[in-house]
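Number of protein chains: 2
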Amino acid sequence: MIRRCGRLLHKTKVRSHCPTEELRDFGLPNATWNKNLKDLYNKFLELSKNGSWKRIPSHNTIAHHLQGIGKRMFLRNLDSDGLGFEYCMFYNKDERRMVCLFQPGPYLEGPPGYAHGGCIATIIDSTAGAGAVYTCGSVMTANLNITYFKPVPLGCTLFVDSHVDKIEGRKVYSSCHIQSYDGVILHAEASALFIKANH
Amino acid sequence: MIRRCGRLLHKTKVRSHCPTEELRDFGLPNATWNKNLKDLYNKFLELSKNGSWKRIPSHNTIAHHLQGIGKRMFLRNLDSDGLGFEYCMFYNKDERRMVCLFQPGPYLEGPPGYAHGGCIATIIDSTAGAGAVYTCGSVMTANLNITYFKPVPLGCTLFVDSHVDKIEGRKVYSSCHIQSYDGVILHAEASALFIKANH
Numbered sequence: 001m002i003r004r005c006g007r008l009l010h011k012t013k014v015r016s017h018c019p020t021e022e023l024r025d026f027g028l029p030n031a032t033w034n035k036n037l038k039d040l041y042n043k044f045l046e047l048s049k050n051g052s053w054k055r056i057p058s059h060n061t062i063a064h065h066l067q068g069i070g071k072r073m074f075l076r077n078l079d080s081d082g083l084g085f086e087y088c089m090f091y092n093k094d095e096r097r098m099v100c101l102f103q104p105g106p107y108l109e110g111p112p113g114y115a116h117g118g119c120i121a122t123i124i125d126s127t128a129g130a131g132a133v134y135t136c137g138s139v140m141t142a143n144l145n146i147t148y149f150k151p152v153p154l155g156c157t158l159f160v161d162s163h164v165d166k167i168e169g170r171k172v173y174s175s176c177h178i179q180s181y182d183g184v185i186l187h188a189e190a191s192a193l194f195i196k197a198n199h
Numbered sequence: 001m002i003r004r005c006g007r008l009l010h011k012t013k014v015r016s017h018c019p020t021e022e023l024r025d026f027g028l029p030n031a032t033w034n035k036n037l038k039d040l041y042n043k044f045l046e047l048s049k050n051g052s053w054k055r056i057p058s059h060n061t062i063a064h065h066l067q068g069i070g071k072r073m074f075l076r077n078l079d080s081d082g083l084g085f086e087y088c089m090f091y092n093k094d095e096r097r098m099v100c101l102f103q104p105g106p107y108l109e110g111p112p113g114y115a116h117g118g119c120i121a122t123i124i125d126s127t128a129g130a131g132a133v134y135t136c137g138s139v140m141t142a143n144l145n146i147t148y149f150k151p152v153p154l155g156c157t158l159f160v161d162s163h164v165d166k167i168e169g170r171k172v173y174s175s176c177h178i179q180s181y182d183g184v185i186l187h188a189e190a191s192a193l194f195i196k197a198n199h
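Protein sequence lines correspond, in order, to chains A and B.
Residue 37 in the UniProt record's numbering sits at position 37 of the first sequence, with consecutive numbering throughout.
Residue 125 in the UniProt record's numbering sits at position 125 of the second sequence, with consecutive numbering throughout.
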């Protein structure tokens with residue numbers, strides 16, 4: 001117990017540039033969220049009231065594993081809100097669906113004014129991966145096949161919708177679509193294969 | 001000319017949190033590079049002496065497009081060296097190959113102690129994409145199919161090797177492999193399809 005406290009203390013010192021954010025839930029709205037993102041968030045919060053959907057907390061460190069010393073989760077590694085990945089996730093157990101409401105910030109640029117293809121791959125891996133984890137427990141990504149249809153403008157709001165399609169032994173097959181917040185534009189679609197941890 | 005200067009001045013003000021880094025070439029070694037990364041860098045610098053390979057500069061903004069105001073390139077969006085994507089690229093025109101020497105920092109975490117799958121996708125998209133650009137001019141990513149074999153430990157050195165395999169009209173087909181710096185471990189392989197800009 002003492003050792004555990006010591007390690008946590010050490011971690012706090014190492015990460016002193018953001019001391020108050022250790023256990024912050026980044027999946028909650030902040031001042032940089034645009035209206036579309038807030039509206040979608042409120043819609044899913046409403047859908048969560050009967051228990052069909054559940055909001056997923058989001059941290060910038062895996063402190064709960066006690067291994068996050070000096071490290072940060074890739075999608076939560078910037079110090080200021082609104083610059084990078086602004087997102088929150090909701091899970092529907094019955095439908096084996098994980099949705100992610102995502103606003104890509106100005107520090108995710110690839111082509112001028114648009115999100116980097118790797119940032120789209122990242123939100124797909126994270127959303128479909130989280131969906132697989134909440135459905136089956138720990139997994140690792142084995143394959144990601146992404147087709148990009150329309151570039152994603154920085155600052156827009158995206159609706160990322162993933163589904164666990166099939167489970168065969170340790171293999172978890174998922175699909176994922178990235179649409180504009182209103183469903184009008186299909187920006188990308190993907191299939192993913194995850195492998196369940198062997199324990 | 002005056003307008004151009006004015007815009008650059010404005011940009012410098014907006015990005016005042018890193019005023020001296022406006023035109024910094026991040027593809028040059030810094031104190032956080034480990035020995036393996038420096039060794040590989042020196043090897044390719046040596047190979048570049050006869051002109052077969054060429055080092056590719058790397059900036060954190062697309063200032064040369066004059067559109068980077070308040071934005072940052074996804075892979076160069078952190079303020080401190082060594083935390084995120086430490087990498088440099090070399091291009092071989094005759095072989096249509098772009099290689100990237102890559103050290104993933106502690107802020108790229110996915111599974112505890114390992115790089116996020118999206119960060120691997122990002123370096124693949126960037127390397128193969130840059131290879132397509134240097135071979136054919138402007139392109140957009142249309143498809144990325146990545147198979148992950150072995151997790152990538154944070155802080156290791158990777159050898160990312162991409163090749164333009166085929167060009168059909170506006171379609172550019174590339175392949176990419178991510179190996180450990182010594183070639184012993186194959187971490188991931190990918191195929192990519194890029195579409196040439198229509199101009």
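A virtual CB, placed ideally from N, CA and C, is assigned to each residue, including glycine.
Computed from a predicted structure; not experimentally measured.
The three-state secondary structure of V133(B), taken from DSSP, is helix. Along the segment 119-130 of chain A, the positions whose C-beta sits under 9 angstroms from a C-beta of chain B are C119, I120, A121, T122, I123, I124, D125, S126, G129, read in chain order.
P112(B) is the residue among K166(B), D39(B), F159(B), P112(B) whose C-alpha sits nearest the C-alpha of S138(A).
Scanning the segment 36-120 of chain B for uninterrupted beta strand (DSSP E) segments of 3 residues or longer gives 53-56, 85-92, 97-104, listed from N- to C-terminal end. Segment contact: the segment 118-134 of chain B against the segment 76-86 of chain A, fewer than three CB-CB distances shorter than 8 angstroms; contact not assigned. Taking a cut-off of 8 angstroms on C-beta distances, the segment 127-144 of chain B does not touch the segment 168-180 of chain A, as fewer than three cross pairs fall below it. By the CB criterion at 8 angstroms, H187(A) and L158(A) fall inside the cutoff.
Contact annotation: in the segment 158-170 of chain B, no residue has its CB less than 8 angstroms from a CB in chain A. In the DSSP assignment, no residue is bridged to H187(B). Contact of T32(A) with chain B is not assigned, every C-beta pair being separated by 8 angstroms or more.
DSSP places T147(B) inside the beta strand (DSSP E), whose first and last residues are 139-148. In terms of Cβ geometry, N92(A) and S58(A) do not form a close pair [threshold 8 angstroms]. Looking at the backbone, the Cα of R96(A) and that of Y134(A) are separated by about 8 angstroms.
As DSSP reads the structure, D161(A) sits in a beta bridge with V99(A), H177(A). N145(B) and F149(A) have their C-alpha atoms spaced approximately 15 angstroms apart. Excluding residues up to 5 positions away in sequence, N30, A31, T32 lie with their Cβ nearer than 8 angstroms to the Cβ of D81(A) in the same chain. If you check each beta-carbon in the segment 104-117 of chain B against every beta-carbon of chain A, the ones closer than 8 angstroms belong to P106, Y107, L108, E109, G110, P111, P112, G113, A115, H116, G117.
Distance from the CA of L154(A) to the CA of E109(B), rounded to the nearest whole angstrom, comes to 23 angstroms.
Note on N77(B): 16 or more other CB atoms within 10 angstroms of its CB, so buried under the neighbour-count rule. Shown here, A197(A) sits in coil according to DSSP, grouped into three states, outside any helix or strand.
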